[in-house]
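Presented below is the structure to which this report refers.
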Amino acid sequence: INAFASRSLSTDPKLLGDLMISMLEGDRGVLRKEFAKFLEWIADEPVPDVVNLPNSLLIGLARPLRDALQRPVCCTLQGEDLFLTGLVEPYRSRALELIRRQVHDVDCFVAVSEWYVSVMSELLRIPRSRIAVVPLGINMTGYVRPARGTELGTSHEPPSPFRVGYFARIAPEKGLHVLADAYQRFRRRIGSAPVRLDAAGYLSRAHAGYLEIVRRSLDKAGLGDEFTYRGAVDRDGKLAFLRSLDVLSVPATYDEPKGVFLLEAMASGVPVVQPRRGAFTEIVEKTGGGLLVAPDDPEALADGIYALWHDRSVAKSLGQRGFDGVREHYDIVGSTDRLLAVYQSVVEHGASDTRPPERAVSITASR
161 INAFASRSLS TDPKLLGDLM ISMLEGDRGV LRKEFAKFLE WIADEPVPDV VNLPNSLLIG
221 LARPLRDALQ RPVCCTLQGE DLFLTGLVEP YRSRALELIR RQVHDVDCFV AVSEWYVSVM
281 SELLRIPRSR IAVVPLGINM TGYVRPARGT ELGTSHEPPS PFRVGYFARI APEKGLHVLA
341 DAYQRFRRRI GSAPVRLDAA GYLSRAHAGY LEIVRRSLDK AGLGDEFTYR GAVDRDGKLA
401 FLRSLDVLSV PATYDEPKGV FLLEAMASGV PVVQPRRGAF TEIVEKTGGG LLVAPDDPEA
461 LADGIYALWH DRSVAKSLGQ RGFDGVREHY DIVGSTDRLL AVYQSVVEHG ASDTRPPERA
521 VSITASR
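Residue 527, in my numbering, is where the sequence shown stops; the numbers in between run on with no holes.
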């Protein structure tokens with residue numbers, strides 16, 4: 161654990177595969193002594209009403225915890241398909257076999273989006289009736305919608321640059337290179353109008369070369385001076401960064417199950433342009449806070465960005481709809497209430513019924 165925390169441990173797929181299988185074998189595998197120590201420790205802790213595992217990769221804990229505590233066990237589903245499908249064989253097949261075998265040890269699974277239900281139901285062979293949906297929510301404190309000064313023709317002052325933003329981890333699968341390509345196409349269409357491409361997010365040492373490739377592509381197009389990478393930012397820095405944008409796009413090249421960065425942008429009144437894939441479609445359609453375009457298509461992405469640059473009234477309208485929609489559907493308070501309702505239903509009715517209860521109770525979730 162310390163090695164992982166310090167990032168000094170290799171991420172070789174074979175090593176990860178060994179660790180994964182050991183965890184999934186649980187108290188019947190090579191880690192049985194460690195599981196016994198864990199259960200011995202937890203026996204002295206206050207007994208919760210329900211246990212929630214943060215993802216299905218920890219499903220090896222479900223039966224031991226349920227037996228030891230005599231309490232129901234829930235399990236959140238929130239993106240682990242990417243890890244599982246990325247394992248090399250024979251680890252991938254073995255991991256899926258072990259998880260599927262232990263699905264019955266979990267009383268209720270909780271997916272973070274409607275879209276993800278079908279993905280994980282098929283991958284892990286979980287009956288859909290055993291999966292509740294509780295969309296992720298964000299704390300709205302600090303998110304405001306500032307007045308923007310990029311409207312064309314509204315002032316004698318030179319317009320401030322129209323800022324295209326990217327806010328996510330800097331990695332190929334998140335699609336910064338796709339956005340950089342789209343930005344170049346967008347730039348060619350608008351001539352000399354002031355625009356910028358700003359990015360922020362965690363950058364690992366392993367992906368420093370990837371960022372350099374993106375920079376070089378913009379330099380080659382003569383746009384290097386218009387790109388800024390602001391690094392990893394704290395919460396205050398994130399709020400300030402989002403407030404500075406006119407549009408956000410994170411054109412991931414895979415089916416993203418969460419899309420929290422979209423919620424954060426919309427909470428700041430920033431419209432988004434996203435590929436029609438994964439949970440992006442669900443979020444944008446539910447909130448009305450952006451445009452959906454063809455995935456893995458820089459030209460389509462450029463068209464979407466251009467549409468918001470060209471007609472600021474559309475951008476403003478989408479920003480307002482997202483600002484309101486994210487508060488209606490993705491506020492952390494509402495998400496918490498929905499999750500507590502699932503917990504209470506499991507406590508009262510068991511694994512076969514996840515209907516929302518008629519009243520709330522205090523639930524302690526152990527993670």
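Yeah, the Cβ is synthetic: ideal placement off N, Cα and C, and Gly gets one too.
Following the continuous alpha helix (DSSP H) through residue i, name the residue where it begins and the one where it ends.
| i | result |
| --- | --- |
| Thr447 | Gly438 to Thr447 |
| Ile492 | Ile492 to His509 |
| Ala271 | Where Ala271 is concerned, there is no enclosing alpha helix (DSSP H), although the beta strand (DSSP E) it sits in stretches over Cys268 to Ala271. |
| Tyr276 | Glu274 to Leu284 |
| Lys193 | Arg192 to Ile202 |
| His470 | Pro458 to His470 |
| His337 | Leu336 to Ile350 |
| Thr531 | Lying before the first or after the last residue shown, residue 531 is absent from the chain, which here runs from 161 to 527. |
| Tyr251 | Tyr251 to Arg261 |
| Tyr370 | Ala368 to Lys380 |
| Glu424 | Val420 to Ala427 |
| Pro224 | Ala222 to Leu229 |
Return the residue from the list the options that minimises the CA-CA distance to residue i.
| i | options | result |
| --- | --- | --- |
| Ser404 | Gln238, Ser289, Tyr303 and Thr441 | Tyr303 |
| Val266 | Leu284, Val272, Tyr251 and Arg252 | Leu284 |
| Leu176 | Ala360, Thr388 and Tyr251 | Tyr251 |
| Val233 | Asp415, Asp457 and His264 | His264 |
| Val432 | Leu258, Leu451 and Glu442 | Leu451 |
| Val410 | Lys398, Ala328, Val393 and Gly382 | Ala328 |
| Leu402 | Tyr414, Phe387 and Phe421 | Phe421 |
| Leu499 | Val270, Gln262 and Ile259 | Val270 |
| Asp241 | Thr388, Asn215 and Leu199 | Asn215 |
| Asp385 | Phe243, Ser473 and Arg376 | Arg376 |
| Trp275 | Glu200, Thr441, Leu423 and Leu244 | Thr441 |
| Ala368 | Ala222, Phe387, Pro332 and Gly397 | Pro332 |
| Asp204 | Leu244, Lys193, Ala228 and Ala222 | Ala228 |
| Ser281 | Arg260, Thr301 and Met300 | Arg260 |
| Phe198 | Leu423, Ser273, Gln262 and Leu225 | Leu225 |
| Lys334 | Trp201, Arg481 and Asp456 | Asp456 |
| Asp471 | Gly482, Asp406 and Ala460 | Asp406 |
| Pro206 | Gln230, Thr245 and Ala381 | Gln230 |
Hey, residue i and residue j: beta-carbon distance below 9 Å or not?
| i | j | result |
| --- | --- | --- |
| Leu378 | Ala412 | no |
| Gln238 | Lys418 | yes |
| Cys268 | Arg290 | yes |
| Arg436 | Ala454 | yes |
| Gly494 | Gly449 | no |
| Leu371 | Arg323 | no |
| Val355 | Pro306 | no |
| Val430 | Leu399 | no |
| Leu258 | Gly220 | yes |
| Tyr466 | Arg349 | yes |
| Val507 | Asp209 | yes |
| Gly479 | Met426 | yes |
| Tyr389 | Leu363 | yes |
| Gly361 | Ala381 | no |
Suppose the cutoff is 6 Å on Cβ atoms and the five residues either side in sequence are ignored; what does the same chain contact list for residue i look like?
| i | result |
| --- | --- |
| Met180 | Ala255 |
| Asp415 | Arg437 and Gly438 |
| Gly464 | Val433, Leu451 and Val453 |
| Trp469 | Phe322 |
| Phe387 | Leu357 and Leu378 |
| Phe483 | Arg305 and Gly429 |
For residue i, write down the residues that DSSP places opposite it in a beta bridge.
| i | result |
| --- | --- |
| Ala360 | Phe327 |
| Ile291 | Phe269 |
| Gly450 | Val432 |
| Asn212 | Cys234 |
| Val407 | Val324 |
| Val355 | Phe322 |
| Val298 | It should be pointed out that residue 298 corresponds to Ile in this sequence rather than to Val. Paired residue(s): Asp491. |
Leaving aside the five residues before and after residue i along the sequence, list all residues of the same chain whose C-beta is less than 8 Å from its C-beta, in chain order.
| i | result |
| --- | --- |
| Leu191 | Ser182, Met183 and Glu185 |
| His489 | Pro295, Lys446 and Thr447 |
| Leu218 | Met183 and Cys235 |
| Val279 | Asp241, Asp415 and Pro417 |
| His316 | At His316, the pLDDT of 49 sits below 50, so the modelled position is not reliable; the number obtained from the coordinates is stated separately. So the list is empty, once near-sequence residues are dropped. |
Which stretch, first to last residue, makes up the beta strand (DSSP E) that contains residue i?
| i | result |
| --- | --- |
| Tyr389 | Phe387 to Tyr389 |
Which same chain residues, not among the five before or five after residue i, have their C-beta less than 7 Å away from its C-beta?
| i | result |
| --- | --- |
| Leu336 | Tyr326, Ile330, Ala359 and Val374 |
| Pro458 | Val338, Asp341, Ala342 and Arg345 |
| Val474 | Ala467 and Leu468 |
| Gly189 | Ser182 |
| Met300 | Ala427, Arg487 and Asp491 |
| Ile286 | Val263, Phe269 and Met280 |
| Leu481 | For the record, residue 481 in the displayed sequence is Arg; it is not Leu. So the list reads Thr447, Gly448 and Gly449, once near-sequence residues are dropped. |
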